Structure formats: C-alpha cells, structure tokens
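Protein chains: 2
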Amino acid sequence: MEHKVEKLKINYKTLEEFKKFKEYGHQELSMIEDLEANIIENDSNSPFYGIYFGDKLVARMSLYTIQSKFDRYFAPPQDYLELWKLEVLPDYQRKGYGKALVEFAKSFGLPIKTNSRIRSFDFWTALGFTPATYEVERDKGENPLVWYPAGVTEQVH
Amino acid sequence: MEHKVEKLKINYKTLEEFKKFKEYGHQELSMIEDLEANIIENDSNSPFYGIYFGDKLVARMSLYTIQSKFDRYFAPPQDYLELWKLEVLPDYQRKGYGKALVEFAKSFGLPIKTNSRIRSFDFWTALGFTPATYEVERDKGENPLVWYPAGVTEQVH
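For the protein sequence lines, the chains are A and B, in the order given.
All residue numbers for the first sequence refer to this note's numbering, where the first residue is 5 and numbers rise by one.
All residue numbers for the second sequence refer to this note's numbering, where the first residue is 5 and numbers rise by one.
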C-alpha cells in the first residue's frame with residue numbers, strides 16, 4: 005500500500021491532531037502561540053510532514069535543512085536534513101508509515117541526521133542509518149544516527 | 005539526608021553500573037571503546053557525576069561546560085553548563101537524589117541548560133528551571149529548560 009506523505013499546514017486542526025502524539029513539547033506550544041498571536045498565519049507551512057488515514061493524521065516527522073556552514077557530521081560539509089519527532093500513532097504502527105516518511109526524507113538526496121531513542125535502533129539501521137562516531141562536545145549525550153547518500157562520508161575531527 | 009555527589013571515574017566498574025540506567029547509548033559505548041583501545045586510561049575523569057548508596061551507583065547526570073562563543077541561550081553570552089542524562093534508578097526515586105544532583109550543578113554558579121522529557125517538566129520547574137523560548141533552528145524539536153543565576157537573562161534573537 006502506498007502512503008502519501010504531505011507537508012503539514014499549521015492551523016488549529018493540525019495542532020489539535022499533534023496532541024495525540026507522545027513527543028509533544030515546546031515546539032508545538034510555540035506554534036500554537038504564534039498562531040494565536042497572529043505571528044504566523046493560518047495554513048502557514050510547518051517543518052512537519054505527515055500521513056493521513058482518511059482525515060486523521062496517523063504519522064508525522066519534522067524535517068529541517070541545516071546549512072553547510074553548520075555541518076559537523078558529513079564530508080564534504082554540505083546542507084543536510086535534521087529529522088526529528090518521527091512517530092506513528094499506536095494503532096497504525098508496523099504498517100509501513102514510519103518507513104514511508106523516512107524514504108520521503110531520503111528522496112531529497114541530502115544527508116540526514118536523526119537522534120534515535122535506543123529502542124528504535126533496529127528501525128533506523130534497517131533503513132540504512134548508522135551511528136555517528138560519538139563526540140561529547142558535539143553530541144552532548146545524544147545518539148545521532150546518520151544516512152549518507154552516494155559520495156558522502158563521515159566528517160572526521 | 006545528605007547525598008554526596010561525586011565526579012565519576014571511567015573504569016569497567018562504572019561502565020558496568022551505567023548499564024542499569026535507561027538512558028544508555030552511544031556515549032557509554034564510546035567510553036567502553038576508548039577504554040578498551042587504551043585511548044583513555046582506567047579511572048579517567050568523565051563528564052558524569054553520581055551518587056552512591058553503599059557501593060552501588062543509584063543516580064547520575066552528565067555535565068559539560070559549553071564555551072561562551074557557542075552560547076545561544078543566555079544574556080550576556082557566557083560559559084554555561086549543559087546537563088543531560090539525569091536519572092535515578094527506580095528503587096531510589098523520590099528520595100532527593102535527583103534534586104541533590106541538580107543543586108550540585110547549580111553550585112558552579114553558571115547558567116544551566118537541559119533537555120527535558122515532558123513528563124519530568126514539574127521536577128525541573130520546582131527547581132527553578134523555565135522553558136527557553138522555542139526556536140526551531142536552534143532547538144530542533146528539543147524542549148530546552150534553562151536555569152538563570154542572578155544577573156543572567158534569556159538571550160533574545
């Protein structure tokens with residue numbers, strides 16, 4: 005089954021759907037505040053992508069382009085994608101939604117960095133991600149996993 | 005009851021104790037590799053601090069000084085502490101161990117930044133931490149909480 009990935013619009017409906025996800029925090033609260041204060045408009049683009057089942061949002065992730073000048077993970081240094089808050093609602097897990105989101109992220113052809121919860125390690129490695137060599141001053145306790153497109157390797161410090 | 009906070013030494017005993025903690029990842033694996041490869045010596049200092057109950061490590065946190073030139077949280081920009089992996093083993097929770105570690109971190113007199121899991125929000129606010137205003141390009145989905153010593157305020161961008 006094909007899962008259609010959509011860029012999510014920020015509006016009250018989307019933000020209400022976000023409340024169903026476990027990883028809900030300052031980012032979502034900030035979006036609500038920005039909408040309420042008219043700092044952003046209804047239906048502004050968000051850094052989130054999602055998959056709907058009918059009109060219900062069942063999976064989402066956030067994707068953000070980091071500029072090459074801030075790249076401390078890839079060689080040669082280049083723009084890359086930071087992926088976070090990948091999450092599929094419990095009743096919809098193990099149906100390919102998570103994989104569809106990650107494959108969508110890969111389709112941009114840029115390297116990807118994500119921070120894995122350890123319990124999702126096997127999910128990421130099955131999709132071709134590998135652990136970045138841990139560096140305390142860069143990673144500060146995070147568990148970064150990276151995906152290299154062809155021609156890209158790890159940045160050595 | 006007074007809890008004594010100690011800087012932890014990296015050795016096989018400490019690293020074996022670390023396995024009891026939920027937040028165990030690339031950082032700990034990297035420390036084991038460095039020890040095995042003789043890149044670091046037995047009993048090197050680590051960024052971890054902990055509290056022992058008898059000879060058992062029951063609580064820990066990691067503390068790392070971020071240099072002022074990288075400070076994007078505090079005004080005026082200054083050296084600050086990044087605190088992560090604060091964790092108390094289940095049988096020892098609600099006995100003041102977590103609070104003792106945080107009070108120890110505060111005793112350096114530097115601002116502190118930590119990334120809260122949402123479910124620990126009340127713990128941090130009770131200790132005087134407040135959410136930093138969320139900025140997507142800086143925080144990338146994290147939920148930073150900060151503690152300001154006297155004379156320090158939030159950095160505005």
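Glycine residues also receive a C-beta, built at the ideal position from the N, C-alpha and C atoms.
No experiment lies behind these values; they were computed from the predicted model shown.
Taking the beta carbon of I55(B) as reference, no residue of chain A falls within 8 Å; the closest one sits roughly 18 Å away.
Nearest Cα to Y68(B) within the set L33(B), D47(B), I36(B), E86(B): E86(B).
Closest by C-alpha distance to H7(B), out of G145(B), V106(B), F112(B), is V106(B). Short of 7 Å from the beta carbon of D38(A), and not among the five residues preceding or following it, lie these beta carbons of its own chain, in chain order: I44.
Against G29(B), the close residues of chain A are I122, N147, in the order they occur along the chain (beta-carbon pairs closer than 7 Å). Under the DSSP assignment, L149(B) falls in the beta strand (DSSP E) whose first and last residues are 148-151. Listed along chain B are H30, each with a C-beta nearer than 7 Å to that of P135(A). Runs of beta strand (DSSP E) with 3 or more residues, each lying fully within the region 91-121 of chain B, are found at 116-119, listed in chain order.
When C-beta distances to chain A are compared with 8 Å, the residues of the region 74-90 of chain B below that value are E86, W88, K89, in chain order.
Counting the other Cβ atoms within 10 Å of the Cβ of R64(B) gives 16 or more, which makes it buried. Only P51, S66 from the region 38-67 of chain B bring a Cβ to less than 8 Å from some Cβ of chain A.
In chain order, Q31, S34, P51, S66, Y68 make up the part of chain B whose C-beta sits under 9 Å from the C-beta of V140(A).
Looking only at E146(A), P153(A), K26(A), the smallest Cα-Cα distance to G113(A) is reached by P153(A). Annotation: K89(B) to G102(B) spans about 11 Å, alpha carbon to alpha carbon.
In the three-state reduction of the DSSP assignment, V9(B) falls in the strand class.
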